[in-house]
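For what it's worth, UniProt numbering labels the leading residue of the sequence shown as 1, then goes sequentially. Where a beta carbon is used, it is the ideal one built from N, C-alpha and C, also for glycine. Taking it in order: structure first as C-alpha cells, then the write-up.
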Amino acid sequence: MSSVAPSAASTPPLHAYLQGPHQGAPGRARARASFTERHARTLAGSLTVLAHAAVITLLLWTHVASTPVLPPPQADRTQLVLLPPRAPEVPLEDIVAPTPSTAATLQQQKPEPPRDLPRTPPRETAHWVIPPPTPPQPKPDSPAPLQQQASVAASPPSPPLPPGPSETTPGRDSWEGRVMARLERFRRYPHAARERRHEGVVQVRVSLARDGQLLALAVEQSSGYTMLDQAALDTFRRAAPLPAVPDDRPAPVELSFPVEFFIR
C-alpha cells in the first residue's frame, strides 16, 4: 500500500502561523490613523469655507450699510399763471375826432418861453494881428473962444492916464509886438503838413506870469488839422519864457494869440 504524502501547497508553513497574529495590530493602527487624518482635513476645509463665507458676508453688509439712500425723485411742478383778459380792440371808426373846443384848449396851453438868463460878457482877447496905426485927426482951423482958453490956462494940466490893453499903440516896440517877434523865431511848419498842403490859423489861449513863464496853454480854436494845432502849442513851449509882462498890466495875464500856417 502506498501512503499519501501531504502537499506543501495546501499546508501553510510554520512561520506563517508564528507571524500572523503579531502583524494584525499595526495594520489596524495605520487604518485608524489614516481615517483620523482624512477627518481632520475635511474639518479644516469646512472651517476655511465658513471663514471665507463670513468675510464675504461682512463685506456685503458693509457696502449695503455705506450706500446712501436717495430720496425718491420729486415730480416736476408746473405753475399755471392766468393772464388778464385782453382789452377789446376799438375800431378806427369809433375814435372820436377832437372837437373845436378841445383844439382851442390845446392851442391855449402853449409852453412858456424860456427865461432870458444873464449872459456873461465875453473876455477881451489880444490878437496877434497888429492893425495899422490910426492917422491923427486934423485940428479945426477956427480958434477957440477966449473964455475956453482962459479956463484951460487957469486949470492945471491933468497927468496922462496909463494906456489900457486896448489903448496900447501897436507896433514892434509894444509888448505884443515883442511877443509876436519871439514866437515868429520859434515857429516851425510841420513837414508832413506842408507836403499835404495843410493850411490854417490856430487860436491859442495862454496864461503868462509876470516874468513871462507859461502858466497855462490850450487850443481855443482849432485849425482843423491836428498837426498844425500841435505845432502851434510847441511854438509857445519853445519860445518860453516870453517877454515879461509890463508893470502897468495885471499879472498873471491871460491872452489869445492866433498862430498862422500858410504856404507862400
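Residues that residue i bridges to, as DSSP identifies them
| i | result |
| --- | --- |
| S207 | A216 and E254 |
| residue 268 | Outside the shown range of the chain, which is 1 to 264, sits residue 268, and nothing can be said about it. |
| F186 | According to DSSP, which records beta bridges pairwise, F186 is partnered with nothing at all. |
| residue 320 | Residue coverage of the chain in this structure runs from 1 to 264, which leaves residue 320 outside it and unanswerable. |
Own chain residues within Cβ distance below 6 Å of residue i, not counting five before or after
| i | result |
| --- | --- |
| E260 | V201 |
| G45 | none |
Contacts around residue i, its chain only, beta-carbon distance under 7 Å, and the 5 residues preceding and following it disregarded
| i | result |
| --- | --- |
| F262 | E199 |
| M227 | P190, A192, A193 and H198 |
| A251 | A209, R210 and V245 |
| A53 | none |
| Q213 | A240 and P241 |
| L215 | S207, L208, A209 and P252 |
| D229 | V202, V219, S222 and S223 |
Rounded distance between the beta-carbons of residue j and residue i, thought under 8 Å
| i | j | result |
| --- | --- | --- |
| R205 | S256 | 5 Å |
| P258 | Q203 | 5 Å |
Residues of its chain near residue i, where Cβ-Cβ distance is below 8 Å and the 5 sequence neighbours each way are ignored
| i | result |
| --- | --- |
| R264 | none |
| R237 | L214 and L217 |
| R196 | none |
(Q) Count Cβ pairs between the segment 171-186 and the segment 214-230 that sit closer than 8 Å; are there 3 or more? (A) no
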